[in-house]
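S.K.: Below is one structure. I have some questions about it.
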Amino acid sequence: MKRFDIYMSGVGGQGIGLLSEAVIRAADHAGLSVCGVDTHGLAQRGGMVESFVRIGGEVTTPLVRKGSASLILALERTEALRAGEAYAASGGVLLYFDTLWQPLDVRLGKADAVSAEDVEEACRR
Amino acid sequence: MKNLGEMLLRQEPFSEIVLGNTALARAMIESGTEVVTSYPGSPTPEIASALLSVPGEKRPFYFQFSTNEKVATEVACGASLNGHPSCVFFKSVGLNVAADSFVQLSLLELEGGLVAVLGDDPGANSSQNEQDNRHFARMAYIPVLEPSSPSEAYRYYLEAMALSRRQKMPVILRMTTHVCHGKEKVAFGAWKGGSVSTESRFDTSGGPMVPLTTAALEMKRRSLARLSLAGCEMDSPAFCEVRKGTDSSRGVITAGLPFRSLLDVLEDSDRTPDILKLGAVYPLPEKAVEEFLRTHGQVKVLEELDDVLEKDIKALAFDRGIRVSITGKTDDDDRIGEYTPDKVAEVLAKTWPDMVPLRGAKRQPSLAPRPPQMCPGCGHRSAFHAIRQALAKEDITVADIGCHTLGFLPPYEMGEVLLSMGHSTGTGAGLSLFNRSRKVVSFIGDSTFFHAGLPGVVNAVFNNHNLTLIVMENGTTAMTGHQDHPGAGRNANGPSEAIPVRGVLEGLGVKSIREVDAYSQGKLIEMVKEAMAEEGFSVVIARHPCMLKYTREQQRNPDYVRKSVDVNQETCDRLHVCVESFGCPSFQRDEDGTVTVSRELCIGDGSCIQTCPVKAIGLRKENRGGETA
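Here you go:
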């Protein structure tokens, strides 16, 4: 099978690591080669977290290049937009959980919150 | 998922998808490593989580979190001198703390062997710099193996320990962040079982062991001889792998994660170079490198961070008179950041653009960044919100390392300079010299206080410095995943005597000490003002347990009911103190200025209630009087 790259993102504390682990186990259970990597460290302190999973094909590195993920899984709206813009391959799929955890600048009144329409519009571009 | 502790003790060979760090834990057990020490620091703490998942009575090793990396190194060294195969692991900058003892290791006869696992952090994902610890290896005469994946981490650890035991010398296993945290299926070998030996084998007959006067030179000679023996052993196909490309006039010499990134980048390329992948990075495997240089017209050295391999390879080519064009770093950018596939594509394209397929540039959205921040309920937030009110605008604040470092971000902007673990009292003391117009306040966390904070405190008392130290005490090593520290009353093996911060300060001769719960903001403001008004060195302990740890523990209780606060919209005057100044991430602001509370985030700690000038914040009705939601 040709390699299928997944990029996941969300906010620290939402469970991206667990989601990634479940996807990796599922791929392994299906008999596919799989590797991945999560961001750790400061991640649980409410910062942006990301996880890469690569299924099938020869394993090179778990890190996925920008603009090459077939599937984006995001657990928060702002991060869905950020992830899609940076990592989605042309024709890729964005699947996200539509909740909003406002980034600091939005709470400070220095930036606008991302709306579901913003995400949709970005996908159409 | 299978039970990690049971998995690590399996005696038959097996394959499992694991983190690089977990693969190391299994390698330690398989290789018979008996003593393991550490101080927690990303990217390595999951090695400890894996080891500690083995129940105490079943552990075929002894593990401890030591006070700091230097002590961890010394404990591992002592254990090795006594015949126990030992391992010490810590993060990149931990080696700076350990250095005084670390650079001596190769002078000794390490009877049991000693592997130092270093977690370097290219990209500074969770460190204050991206230092390249290969430089230390050269200074300390210690050979370095560098894996590029979890499977290699496992294999190289076994090789490193075997080499270390054969030569009775230290060996470095240099990990980097995404090798530690990469997950893949690793094929493990058998483990024949075993337990920690109780035989004491410390013996000075192979000495000298005390490097004074002429002995220091004799010991250095022995160390250098061992290093070259190790270098010869490592100059083998086991650590020097050649991959053929389609254009064999050109070759890349690389190591570690950049090797993996290179494979990824070349995947869609029509013209690919030959690759020499080095697993042994210090000393340079000269035989393998020389052969590669002689068989290629152009060679690119592709290495992360500094030009360590590049300089050695160029020197080798010069010494041996090899006619080959060698390109390494082309500019400062090549020395900065992690060599992800995107970075490697960028770096390689500067030398050989024809080998890097073009990709359409991706849009960079102008989205609000999402920096890490203090958790809902964090005592540090409450403390910073209060302390800011006690300070004058021109006063100077000095940060230290830990969760409280995040206070430098808006809206608190507390902590204006940072060097290293435990630096804040010393740096603050220097800032206070000849400075009558601006008061100096330093911060430190409790784990860091024990790690490297004490000498600065002693110095402040000894030299009668004029500053205020605020100890942000949360009872744990929070940033790295809640490891116990000397003040916690528990170590990695069970209960221990808690060392109280206040008692230590008193013992060190600090006369002015105040203590307060960080949630009592009014009292804290008053105490900080009083302390700062005093001449000399004063300490305020702002204490509150880490609420992330506390809440997680509470959530394991089946009767746990999650609480939260609410904003009374009729009372709220939209002054926005809660969302802009106190800044708990639970507060969300609508476009029209309405403030609401996210029930996904709020833990109902109530530390925000006191911050509202019009008393519009309160616990949700269902949380009052013990009723459940």
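Here the protein sequences come in this chain order: A and B.
Following the working numbering, the numbering of the first sequence begins with 353 at its first residue and continues without gaps.
Following the working numbering, the numbering of the second sequence begins with 13 at its first residue and continues without gaps.
Where a beta carbon is used, it is the ideal one built from N, C-alpha and C, also for glycine.
Remember, predicted model here, so these are calculated numbers, not experimental data.
Do you know how far the Cα of Thr-307 (chain B) is from the Cα of Asp-496 (chain B)?
M.R.: Position 484 of the second sequence holds residue 496 (chain B). Position 295 of the second sequence holds residue 307 (chain B). The straight-line gap from Cα to Cα measures roughly 54 Å.
S.K.: With H, G and I counted as helix, E and B as strand and the rest as coil, what does DSSP make of Glu-196 (chain B)?
M.R.: By 1-based counting over the second sequence, the position of residue 196 (chain B) is 184. Glu-196 (chain B): strand per DSSP, three-state reduction.
S.K.: Taking the straight line between their C-alpha atoms, what separation do you get for Ala-468 (chain A) and Ser-361 (chain A)?
M.R.: The residue given as residue 468 (chain A) occupies position 116 in the first sequence. The residue given as residue 361 (chain A) occupies position 9 in the first sequence. Using only the alpha carbons, I get a separation of about 16 Å.
S.K.: In chain B, what lies closer than 9 Å to Met-400 (chain A) by C-beta?
M.R.: For the purposes of this step, residue 400 (chain A) is taken as residue 48 along the first sequence, with counting starting at 1. Going along chain B in sequence order, the residues near Met-400 (chain A) (Cβ under 9 Å) are Pro-381, Arg-382, Pro-383 and Pro-384.
S.K.: Under the DSSP definition of a beta bridge, which residues are partnered with Gln-366 (chain A)?
M.R.: As a working note, residue 366 (chain A) is residue 14 in the first sequence. Paired residues: none, contrary to the question.
S.K.: Are the C-beta of Ile-29 (chain B) and some C-beta of chain A separated by less than 8 Å?
M.R.: In the second sequence, residue 29 (chain B) corresponds to position 17, counting from 1. Yes, Ile-29 (chain B) lies at the interface with chain A (some Cβ there is under 8 Å from its Cβ).
S.K.: Checking contacts by CB at 8 Å: is Ala-382 (chain A) closer than that to chain B?
M.R.: For the purposes of this step, residue 382 (chain A) is taken as the residue at position 30 of the first sequence. No, because no Cβ of chain B sits closer than 8 Å to the Cβ of Ala-382 (chain A).
S.K.: Here's the rule I'm using: 16 or more other beta-carbon atoms within 10 Å means buried, otherwise exposed. How should His-381 (chain A) be labelled?
M.R.: Counted from its first residue, the first sequence places residue 381 (chain A) at position 29. Result: exposed.
S.K.: By a C-beta neighbour count over all protein chains shown, 10 Å radius and 16 as the cutoff for buried, is Cys-192 (chain B) buried or exposed?
M.R.: Position 180 of the second sequence holds residue 192 (chain B). Flag for Cys-192 (chain B) reads buried.
S.K.: Helix, strand or coil: which one does DSSP assign to Asp-331 (chain B)?
M.R.: Residue numbering aside, residue 331 (chain B) sits at position 319 when the second sequence is read from its first letter. Note: Asp-331 (chain B) maps to helix in three-state DSSP.
S.K.: Cβ of Ala-11 (chain B) within 8 Å of Cβ of Leu-175 (chain B)?
M.R.: Residue numbering for chain B in the displayed model covers 13 to 641; residue 11 (chain B) lies beyond these limits and cannot be assessed.
S.K.: Assuming Glu-469 (chain A) is part of the beta strand (DSSP E), what are its boundary residues?
M.R.: Translated into positions along the first sequence, residue 469 (chain A) becomes position 117. Premise fails: Glu-469 (chain A) lies in the alpha helix (DSSP H), 468-476, not in any beta strand (DSSP E).
S.K.: With contact counted as at least three CB pairs below 8 Å, one residue from each stretch, are the stretch 361-372 of chain A and the stretch 425-434 of chain A in contact?
M.R.: The stretch 361-372 of chain A, when compared against the stretch 425-434 of chain A, does touch it at the 8 Å Cβ threshold.
S.K.: Cβ atoms of Ala-202 (chain B) and Gln-23 (chain B): under 8 Å apart, would you say?
M.R.: If you number the second sequence from 1, residue 23 (chain B) lands on position 11. If you number the second sequence from 1, residue 202 (chain B) lands on position 190. Yes, these two residues count as a Cβ contact at 8 Å.
S.K.: Just the chain D side, please: which residues come within less than 7 Å of Gly-388 (chain A) by C-beta, in chain order?
M.R.: Absent here is chain D; the protein component of the structure consists of chains A and B.
S.K.: Whole-angstrom Cβ separation of Trp-364 (chain B) and Lys-312 (chain B), contact assumed at under 8 Å?
M.R.: As a working mapping, residue 364 (chain B) is identified with position 352 in the second sequence. As a working mapping, residue 312 (chain B) is identified with position 300 in the second sequence. Correct: roughly 7 Å between the Cβ atoms.
S.K.: I'd like to check one pair, Pro-52 (chain B) with Thr-489 (chain B): are the Cβ atoms closer than 8 Å?
M.R.: Taking the first residue of the second sequence as 1, we reach residue 489 (chain B) at position 477. Taking the first residue of the second sequence as 1, we reach residue 52 (chain B) at position 40. For Thr-489 (chain B) and Pro-52 (chain B), yes; Cβs fall inside 8 Å.
S.K.: Between which residues of its own chain and Ser-260 (chain B) is the CB-CB distance below 6 Å, once the five residues before and five after are set aside?
M.R.: By 1-based counting over the second sequence, the position of residue 260 (chain B) is 248. The answer, listed in chain order, is Asp-286.
S.K.: On a Cα-Cα basis, can you pick out the residue from B:Lys-70, B:Ala-88, B:Arg-71 and B:Pro-72 that is closest to Ser-78 (chain B)?
M.R.: Residue mapping note: residue 78 (chain B) aligns to position 66 of the second sequence, counting from 1. For Ser-78 (chain B), the nearest C-alpha among the options comes from B:Ala-88.
S.K.: Taking only three categories from DSSP, how would you classify Cys-99 (chain B)?
M.R.: If you number the second sequence from 1, residue 99 (chain B) lands on position 87. Correct three-state label for Cys-99 (chain B): strand.
S.K.: Compare the C-beta of Phe-599 (chain B) against all C-beta atoms of chain A and say whether one is closer than 8 Å.
M.R.: Here the question's residue 599 (chain B) lines up with position 587 in the second sequence. Yes, because at least one Cβ of chain A sits closer than 8 Å to the Cβ of Phe-599 (chain B).
S.K.: Could you give the first and the last residue of the continuous alpha helix (DSSP H) run that contains Gly-268 (chain B)?
M.R.: The count along the second sequence starts at 1 and reaches residue 268 (chain B) at position 256. Taken as a continuous stretch (DSSP letters only), the alpha helix (DSSP H) holding Gly-268 (chain B) covers 268-278.
S.K.: Can you give me the C-alpha to C-alpha distance between Asp-144 (chain B) and Asn-108 (chain B), rounded to a whole angstrom?
M.R.: As a first step, residue 144 (chain B) must be located in the second sequence, where it is residue number 132. As a first step, residue 108 (chain B) must be located in the second sequence, where it is residue number 96. Taking the straight line from one Cα to the other gives about 11 Å.
S.K.: Run down chain B in chain order and give the residues with a C-beta less than 8 Å from the C-beta of Asp-457 (chain A).
M.R.: As a position in the first sequence, residue 457 (chain A) is number 105, starting the count at 1. Residues of chain B passing the Cβ test: Ala-380 and Pro-381.
S.K.: Do Ser-235 (chain B) and Tyr-153 (chain B) have their C-beta atoms within less than 8 Å of each other?
M.R.: As a working mapping, residue 235 (chain B) is identified with position 223 in the second sequence. As a working mapping, residue 153 (chain B) is identified with position 141 in the second sequence. Cβ distance < 8 Å, so Ser-235 (chain B) and Tyr-153 (chain B) count as in contact.
S.K.: Residues of chain A with CB under 7 Å from Asp-354 (chain B), in chain order?
M.R.: Against the second sequence, residue 354 (chain B) aligns to sequence position 342. Going along chain A in sequence order, the residues near Asp-354 (chain B) (Cβ under 7 Å) are Arg-417 and Lys-418.
S.K.: Go through its chain and collect everything with a Cβ distance to Thr-623 (chain B)'s Cβ below 8 Å, but skip five positions before and after it.
M.R.: Counting from 1 along the second sequence, the entry for residue 623 (chain B) is found at position 611. Excluding positions up to five away in sequence, the list reads His-397, Gln-533, Val-589, Cys-590, Ser-593, Phe-594 and Ile-629.
S.K.: So Glu-546 (chain B) and Ser-524 (chain B) are in contact, right, with Cβ under 8 Å, and what is the actual spacing, rounded?
M.R.: Numbered from its first residue, the second sequence carries residue 546 (chain B) at position 534. Numbered from its first residue, the second sequence carries residue 524 (chain B) at position 512. The pair is a contact, with the Cβ atoms about 6 Å apart (cut-off 8 Å).
S.K.: Looking at the strands, I want to know which residues DSSP matches up with Asp-357 (chain A).
M.R.: As a position in the first sequence, residue 357 (chain A) is number 5, starting the count at 1. BP columns for Asp-357 (chain A) point to A:Arg-406.
S.K.: Can you round the beta-carbon distance between Pro-155 (chain B) and Glu-316 (chain B) to whole angstroms, since I take them to be within the 8 Å contact cut?
M.R.: Counting from 1 along the second sequence, the entry for residue 155 (chain B) is found at position 143. Counting from 1 along the second sequence, the entry for residue 316 (chain B) is found at position 304. Wrong, their Cβ atoms sit about 19 Å apart, outside the cutoff.
S.K.: Consult DSSP for Ile-408 (chain B) and reduce its assignment to one of helix, strand or coil.
M.R.: Here residue 408 (chain B) corresponds to residue number 396 of the second sequence, with the count starting at 1. If DSSP states are grouped into helix, strand and coil, Ile-408 (chain B) belongs with the strands.
S.K.: Output the distance between the C-alpha atoms of Arg-429 (chain A) and Gly-419 (chain A), rounded to the nearest integer angstrom.
M.R.: Locating residue 429 (chain A) in the first sequence gives position 77, counting from the first residue. Locating residue 419 (chain A) in the first sequence gives position 67, counting from the first residue. Taking the straight line from one Cα to the other gives about 19 Å.
S.K.: Strictly under 8 Å for the Cβ-Cβ distance: is Val-445 (chain A) near chain B by that measure?
M.R.: The count along the first sequence starts at 1 and reaches residue 445 (chain A) at position 93. Output row for Val-445 (chain A): interface = no.
S.K.: Any C-beta of chain A sitting closer than 8 Å to the C-beta of Glu-142 (chain B)?
M.R.: Working through the second sequence from its first residue, we reach residue 142 (chain B) at position 130. No, Glu-142 (chain B) does not count as interfacial toward chain A.
S.K.: Considering only the beta carbon of each residue, do Pro-388 (chain B) and Cys-614 (chain B) sit closer than 8 Å?
M.R.: For the purposes of this step, residue 388 (chain B) is taken as residue 376 along the second sequence, with counting starting at 1. For the purposes of this step, residue 614 (chain B) is taken as residue 602 along the second sequence, with counting starting at 1. A contact, by the Cβ cut-off of 8 Å.
S.K.: Quick check on Leu-31 (chain B): does DSSP put it in helix, strand or coil?
M.R.: Start at 1 with the first residue of the second sequence, and residue 31 (chain B) comes out as number 19. Strand.
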